[in-house]
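Scroll down for the structure; my scribbles are underneath it.
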Amino acid sequence: MSFDFQWDDVLQLDAQLTEDERMIREAGRDYCQHSLMPRVLEANRHEIFHREIMNELGDLGMLGATIPEEYGGAGLNHVCYGLLAREVDPTTAPILAP
Numbered sequence: 260m261s262f263d264f265q266w267d268d269v270l271q272l273d274a275q276l277t278e279d280e281r282m283i284r285e286a287g288r289d290y291c292q293h294s295l296m297p298r299v300l301e302a303n304r305h306e307i308f309h310r311e312i313m314n315e316l317g318d319l320g321m322l323g324a325t326i327p328e329e330y331g332g333a334g335l336n337h338v339c340y341g342l343l344a345r346e347v348d349p350t351t352a353p354i355l356a357p
């Protein structure tokens, strides 16, 4: 008896996501790794805070992601919000930690 066990996805989260949720996760991951992380590391290294990072996160809909579009939010479901948080949290930890 064998089954497909994946150590990087032990709860098989990926199999439960919709295509839209996967797309949101990948977009968040790409942004965090390629655009956000280099600036966060630079800010941490020089002990500065880039306000434009927060503005950019807001413009991308990553802040207030579950707020309906008619109120200025992205209108995403809570699964998408959690997926975005999973991508953003490790990236921003150096500037948010005391």
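First residue of the sequence shown? That's 260 in the working numbering, and the numbers climb one at a time after it.
In this text, a Cβ means the ideal position worked out from N, Cα and C, and glycines have one as well.
Which residues mark the beginning and the end of the alpha helix (DSSP H) in which Pro297 is found? Position 38 of the sequence shown, counting from 1, holds the residue named residue 297. For Pro297, the enclosing alpha helix (DSSP H) starts and ends at Met296 to Arg304.
Option nearest Glu346 by Cα separation, candidates Gly331, Arg281 and Asn314: By one-based count along the sequence shown, residue 346 stands at place 87. Distance from the Cα of Glu346 is smallest, within the candidate group Gly331, Arg281 and Asn314, for Arg281.
Under a three-way DSSP split, which group does Gln265 fall into? What you label residue 265 is simply residue 6 of the sequence shown in a count that begins at 1. DSSP places Gln265 in coil when its eight states are reduced to three.
Could you tell me how far apart the beta carbons of Leu335 and Gly287 are, in whole angstroms, since I believe they sit closer than 8 Å? Your numbering for residue 335 matches position 76 in the sequence shown. Your numbering for residue 287 matches position 28 in the sequence shown. The C-beta distance from Leu335 to Gly287 rounds to 10 Å, too long to meet the 8 Å contact threshold.
Taking the C-alpha atoms as reference points, what is the distance between Gly341 and Pro297? On the sequence shown, residue 341 is found 82 positions in, with the first residue counted as 1. On the sequence shown, residue 297 is found 38 positions in, with the first residue counted as 1. Answer to the nearest angstrom: the Cα atoms are 23 Å apart.
Can the beta-carbon of Ala333 be found closer than 8 Å to that of Gly320? Counting from 1 along the sequence shown, the entry for residue 333 is found at position 74. Counting from 1 along the sequence shown, the entry for residue 320 is found at position 61. Between Ala333 and Gly320, the gap from beta carbon to beta carbon is short of 8 Å.
Under a three-way DSSP split, which group does Gly334 fall into? The residue given as residue 334 occupies position 75 in the sequence shown. In the structure shown, Gly334 falls within a coil segment according to DSSP collapsed to helix, strand and coil.
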